[in-house]
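What follows is a short report on a single structure.
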Amino acid sequence: MVNFFEKDPYAPIQYVYEVDRILYKGKSQYQEILVFENEYFGKILVLDGVVQLTERDEFFYHEMLVQVLMHAHPEPRKVVVIGGGDGGAVREVLKHEIVERVDFVEIDREVINISRRFFPTVSSAIDNEKVHIQNMDGAEFIKSHRDEFDVVIVDSTDIIGFAKSLFTVEFFKSAREALKEDGMFVTLSESLHFHKEMVVNVQETMRLVFPVVDLYTAPIATYAGNWWTFSAGSNRLSLREIRRPCIGDTKYYSEEIHRHAFLPDGLYSALMNKTLKW
Ligand code: SAM
Numbered sequence: 086m087v088n089f090f091e092k093d094p095y096a097p098i099q100y101v102y103e104v105d106r107i108l109y110k111g112k113s114q115y116q117e118i119l120v121f122e123n124e125y126f127g128k129i130l131v132l133d134g135v136v137q138l139t140e141r142d143e144f145f146y147h148e149m150l151v152q153v154l155m156h157a158h159p160e161p162r163k164v165v166v167i168g169g170g171d172g173g174a175v176r177e178v179l180k181h182e183i184v185e186r187v188d189f190v191e192i193d194r195e196v197i198n199i200s201r202r203f204f205p206t207v208s209s210a211i212d213n214e215k216v217h218i219q220n221m222d223g224a225e226f227i228k229s230h231r232d233e234f235d236v237v238i239v240d241s242t243d244i245i246g247f248a249k250s251l252f253t254v255e256f257f258k259s260a261r262e263a264l265k266e267d268g269m270f271v272t273l274s275e276s277l278h279f280h281k282e283m284v285v286n287v288q289e290t291m292r293l294v295f296p297v298v299d300l301y302t303a304p305i306a307t308y309a310g311n312w313w314t315f316s317a318g319s320n321r322l323s324l325r326e327i328r329r330p331c332i333g334d335t336k337y338y339s340e341e342i343h344r345h346a347f348l349p350d351g352l353y354s355a356l357m358n359k360t361l362k363w
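Going by my numbering, the letters in the sequence shown line up with residues 86 to 363, in that order.
Quick look at the structure:
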């Protein structure tokens, strides 16, 4: 039996997966792409040695990345997904009939093609007529838009290499300017176990730009640290309030999960004041 050893740039531990079958191995202009099969997790997508998704548990991440804002926003008609080449985030956005247009800004078209080929249940909405694929850097895309979008969702690789452009103060400023008055923004911000400094850093940088900033979490078995965070911001509306009826078509997300996912005030203050005891 061959093993795959994950090369996560920031994790103090290493995950090892048994490989039943390698389905694809190649290199795009941007990154190394690997797809293999594991008995428990099903097909797994790996970019530059880091696991991006598994068929078994991708819904935890994709639902929580997308559904919290899609239920907090009163009328999410125009949505941008930056990164997310597998299509999981786009699939979740299009569960809402109110959505009129999704700009899907993935720098690497190869990831989209690989997902179409090997992950049909994840990429199922990529070719929907409401989806407009833009193969470019999300930071460049967002700069040329103003007062246009209801929701901006960042589903990038870890905060390293070409994904770094999506975590700068300039990017957050452009994202805020690209949003309408009631607009909302969310990005992944790594784990509360292993990457507290990164979480604080993303929060502090977003606080320089967005009047409302919050932090919520979800349990993700296959991302190092497991206790995964999402940093969300808005121009004025709270991200905690649920303003639309729950779509129901989810496995993990629900109104109850929405309400419980946000960090309690005491824990949030301790994190931000750097007084946590771990
Ligand atoms: N959920 C996954 C995770 O956290 O591991 C991320 C999945 S998705 C495949 C990440 C995608 O972000 C990759 O396909 C990568 O090409 C894309 N990406 C990274 N930086 C980007 C950028 N600056 N602009 C647009 N897409 C970017």
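All residues carry an ideal CB built from backbone N, CA and C; glycine is no exception. Just so it is clear, the structure is predicted and the values come from calculations on it, not from any experiment.
Is the beta carbon of methionine 291 sitting closer than 9 Å to the one on glycine 333?
As a first step, residue 291 must be located in the sequence shown, where it is residue number 206. As a first step, residue 333 must be located in the sequence shown, where it is residue number 248. No, these two residues do not count as a Cβ contact at 9 Å.
Could you pull the DSSP bridge partners for tryptophan 313 from this structure?
For the purposes of this step, residue 313 is taken as residue 228 along the sequence shown, with counting starting at 1. BP columns for tryptophan 313 point to Ser276, Ala303.
beta-carbon alanine 224 near ligand 1 non-hydrogen atom, thresh 8 Å:
Along the sequence shown, one-based indexing puts residue 224 at 139. Checking every heavy atom of ligand 1 against the Cβ of alanine 224, one is found closer than 8 Å.
Who are the Cβ neighbours of valine 285 in its own chain at under 8 Å, not counting the five residues just before and after it?
For the purposes of this step, residue 285 is identified with residue 200 of the sequence shown, where counting begins at 1. Excluding residues within five positions, the ones whose Cβ falls inside 8 Å are Leu356, Met357, Lys359.
Output yes or no for whether 9 Å exceeds the beta carbon distance between aspartate 44 and histidine 158.
The structure shown does not extend to residue 44, since the chain is modelled only from 86 through 363, so no value can be given for it.
Do you know how far the Cα of proline 161 is from the Cα of histidine 230?
In the sequence shown, residue 230 corresponds to position 145, counting from 1. In the sequence shown, residue 161 corresponds to position 76, counting from 1. Cα-Cα distance, rounded: 17 Å.
Taking a contact to mean a Cβ-Cβ separation below 9 Å, would you say alanine 306 touches phenylalanine 315 in this structure?
Translated into positions along the sequence shown, residue 306 becomes position 221. Translated into positions along the sequence shown, residue 315 becomes position 230. Alanine 306 is not a Cβ neighbour of phenylalanine 315, given a cutoff of 9 Å.
For glutamate 282, the residue or residues it bridges with in DSSP:
The residue labelled residue 282 in the question sits at position 197 within the sequence shown. For glutamate 282, which the question treats as bridged, DSSP gives no partner whatsoever.
Comparing C-alpha positions only, which one of Lys92, Gln137, Val271, Glu262 sits nearest to valine 207?
Counting from 1 along the sequence shown, the entry for residue 207 is found at position 122. For valine 207, the nearest C-alpha among the options comes from Gln137.
When Arg321, Phe279, Thr139 are compared against lysine 265, the one with the closest alpha-carbon:
Within the sequence shown, the letter at position 180 stands for residue 265. Per the Cα distances, Arg321.
Arginine 106 versus leucine 119: straight-line alpha-carbon distance, rounded
Taking the sequence shown and counting its residues from 1, the one referred to as residue 106 is at position 21. Taking the sequence shown and counting its residues from 1, the one referred to as residue 119 is at position 34. Cα to Cα, arginine 106 sits roughly 11 Å from leucine 119.
Residue burial classification, leucine 150 (beta-carbon count within 10 angstroms, cutoff 16)
In the sequence shown, counting from the first residue as 1, residue 150 sits at position 65. Classification for leucine 150: buried.
Beta carbon of leucine 154: closer than 8 Å to some heavy atom of ligand 1?
As a first step, residue 154 must be located in the sequence shown, where it is residue number 69. In this structure, ligand 1 has no non-hydrogen atom nearer than 8 Å to the beta-carbon of leucine 154.
Check whether the Cβ of methionine 86 lies closer than 8 Å to any heavy atom of ligand 1, and answer yes or no.
If you number the sequence shown from 1, residue 86 lands on position 1. No, Cβ of methionine 86 sits at least 8 Å from all heavy atoms of ligand 1.
Just grab the DSSP bridge partners of threonine 139 for me.
Within the sequence shown, numbered from 1, the residue matching residue 139 stands at position 54. Bridge partners of threonine 139: Ile129.
Any chance you could list the beta strand (DSSP E) runs of at least 3 consecutive residues sitting entirely within the stretch 215-270, in chain order?
216-219, 234-240
Select from Glu185, Tyr100, Glu195 the residue whose C-alpha is nearest the C-alpha of lysine 112.
Counting from one through the sequence shown, the residue named residue 112 turns up at place 27. The shortest Cα separation from lysine 112 among Glu185, Tyr100, Glu195 belongs to Glu195.
Would you kindly work out how many angstroms separate the C-alpha atoms of phenylalanine 347 and phenylalanine 279, rounded to a whole number?
Taking the first residue of the sequence shown as position 1, residue 347 is located at position 262. Taking the first residue of the sequence shown as position 1, residue 279 is located at position 194. Distance between the alpha carbons of phenylalanine 347 and phenylalanine 279 is about 19 Å.
Beta-carbon spacing of isoleucine 167, glycine 246 below 9 Å:
By one-based count along the sequence shown, residue 167 stands at place 82. By one-based count along the sequence shown, residue 246 stands at place 161. No, the pair does not count as a contact, with Cβ atoms beyond the cut-off.
Taking only heavy atoms of ligand 1 into account, decide whether any of them is closer than 8 Å to the Cβ of methionine 221.
As a working mapping, residue 221 is identified with position 136 in the sequence shown. Because some heavy atom of ligand 1 lies under 8 Å away, the Cβ of methionine 221 counts as near it: yes.
Aspartate 212 (DSSP reduced to helix, strand or coil)
If you number the sequence shown from 1, residue 212 lands on position 127. Three-state DSSP puts aspartate 212 in coil, outside helix and strand.
Ligand 1 heavy atoms versus the CB of threonine 242: any closer than 8 Å?
Taking the sequence shown and counting its residues from 1, one reaches residue 242 at position 157. Checking every heavy atom of ligand 1 against the Cβ of threonine 242, one is found closer than 8 Å.
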